[in-house]
Amino acid sequence: MERENSTVVTEFILAGLTQSQNIQLLIFLFVMFSVFYLMTMLGNCLILLTVLSTPHLHSPMYFLLSNLSLIDMCLSSFATPKMIVDFFAQHKTISFEGCISQIFFLHLFTGTEIVLLISMSFDRYIAICKPLHYSSIMSQRVCVVLVATSWTVGFLHTMSQLAFTLYLPFCGPNVVDSFFCDLPLVIQLACIDIYVLGIFMISTSGVIALVSFLLLLTSYITLLVTIKDHSSTGSSKAFSTCTAHFIVVLMFFGPCIFIYVWPFTDFLVDKVLSVFYTIFTPFLNPLIYTLRNQEVKTAVKKKLNLVSSVLFSEQ
Numbered sequence: 044m045e046r047e048n049s050t051v052v053t054e055f056i057l058a059g060l061t062q063s064q065n066i067q068l069l070i071f072l073f074v075m076f077s078v079f080y081l082m083t084m085l086g087n088c089l090i091l092l093t094v095l096s097t098p099h100l101h102s103p104m105y106f107l108l109s110n111l112s113l114i115d116m117c118l119s120s121f122a123t124p125k126m127i128v129d130f131f132a133q134h135k136t137i138s139f140e141g142c143i144s145q146i147f148f149l150h151l152f153t154g155t156e157i158v159l160l161i162s163m164s165f166d167r168y169i170a171i172c173k174p175l176h177y178s179s180i181m182s183q184r185v186c187v188v189l190v191a192t193s194w195t196v197g198f199l200h201t202m203s204q205l206a207f208t209l210y211l212p213f214c215g216p217n218v219v220d221s222f223f224c225d226l227p228l229v230i231q232l233a234c235i236d237i238y239v240l241g242i243f244m245i246s247t248s249g250v251i252a253l254v255s256f257l258l259l260l261t262s263y264i265t266l267l268v269t270i271k272d273h274s275s276t277g278s279s280k281a282f283s284t285c286t287a288h289f290i291v292v293l294m295f296f297g298p299c300i301f302i303y304v305w306p307f308t309d310f311l312v313d314k315v316l317s318v319f320y321t322i323f324t325p326f327l328n329p330l331i332y333t334l335r336n337q338e339v340k341t342a343v344k345k346k347l348n349l350v351s352s353v354l355f356s357e358q
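Add 43 to a position in the sequence shown, counting from 1, and you land on the number used in my numbering.
As structure tokens, this is what we get:
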């Protein structure tokens, strides 16, 4: 049956992050998330441009990090701007097509980032555990293949989710209890009983996130054990870097696992967890993954000094 013939709902109502009408709270949330979003975009954009324009940063690690910055910019943009605008909107509506688009981009970017994080842990494993073979293993071709694989897996994953969702009949309830459309929330509004099939489809995302997290956990434990066997200053720095990386991985995967392994729950905490992997993690990634690196900090300072000197010279 065509979607037009089975779907009466043409738009959804987003409940938003909060339903409070307290103007002070709304202003606080508006300012806070606007600052977070602006800093996320500026930070990731600065890193991306710095890596692209600095020849000595054209290495596998920074190539993967620049792609992470690109994904984080996309992930923080698919829903955050609308959430910010909706704080003061009387009617927080989104079209059926817009809602499906949010689901598409959410699973595309999160699926891509999951595979990219695995690729980055693989890069660190080769650099630390097999340093003599690093340049031959992590060639430019391999890096391109890893990034292309990340986007391909993300695309296939999101299409598998949409193939299940797109033609569901929506003919009654249309209130999505969040600030963006997500699969567990939207399919509950369908006019047919999809509980068993829905549990299977949504939990698939949770299982993928859980397996990927366990794979990354094993990788980082291996790295930390290898680093611990060395007592040099470089090893201490690598230990600090890997620990910081794992914290971000935990912040990204934790909410995904919780939300998708146990779908169809009415926990208020789900909204908070959604904020973590759509807003806070993209904000923290530049700080922890890249700006703690001395090479990148030096390159960023040079770019900023160059820009400031050009601006002052024009004045």
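Heads up, the beta-carbon is just placed ideally off N, CA and C, and yes, glycines get one too.
Out of Ser112, Leu228, Ser102, the CA that lies nearest to the CA of Cys142 is found in Leu228. For Gly197 against Val158, the beta-carbon gap comes to about 7 Å, under 8 Å, which counts as contact. Annotated as proximal: Ser112 and Pro329, with beta-carbon spacing under 8 Å.
According to DSSP, residue pairing for Val219 in a beta bridge involves Leu57. Distance check between Ser162 and each of Phe147, Ile90, Ile180 places Ile180 closest, using alpha-carbon atoms only. Note that the C-beta distance between Tyr263 and Ser164 is below 8 Å.
With a contact defined as Cβ atoms closer than 8 Å, Phe223 and Ala122 qualify at about 4 Å. Closest in alpha carbon position to Ser77, among Ala191, Glu338, Ile322, Val343, is Ile322.
Only residues of its own chain outside the window of five on either side were considered, and among them Val291, Met294 have a CB closer than 8 Å to the CB of Leu327, listed in chain order. Around the Cβ of Asp236, a 10 Å sphere holds fewer than 16 other Cβ atoms; the residue is exposed. Contact between Thr153 and Cys299 is confirmed by a C-beta separation of about 7 Å, below the 8 Å threshold. Contact check for Thr136 against Ile56 passes: the beta carbons are separated by less than 8 Å. The distance from the Cβ of Leu118 to that of Pro325 is about 5 Å, consistent with a contact at the 8 Å cut-off. For the 8 Å CB-CB criterion, Leu232 and Asn217 form a contact. The C-alpha of Lys345 lies about 12 Å from the C-alpha of Val94. Minimum Cα-Cα distance from Ile90 among the listed residues Pro98, His99, Tyr105, Tyr80 corresponds to Tyr105. The three-state secondary structure of Thr93, taken from DSSP, is helix. Here Ile70 is exposed: its Cβ has fewer than 16 other Cβ atoms, across all protein chains shown, within 10 Å.
No Cβ-Cβ contact shorter than 8 Å links Phe131 with Leu72. Burial state of Pro103 is buried, judged by a 10 Å Cβ sphere holding 16 or more other Cβ atoms. The secondary-structure analysis by DSSP pairs Ser138 across a beta bridge with Glu54. In its own chain, leaving out the 5 sequence neighbours on each side, no residue places its CB closer than 8 Å to the CB of Leu349. Exposed is the label assigned to Gly215, since fewer than 16 other Cβ atoms lie within 10 Å of its Cβ.
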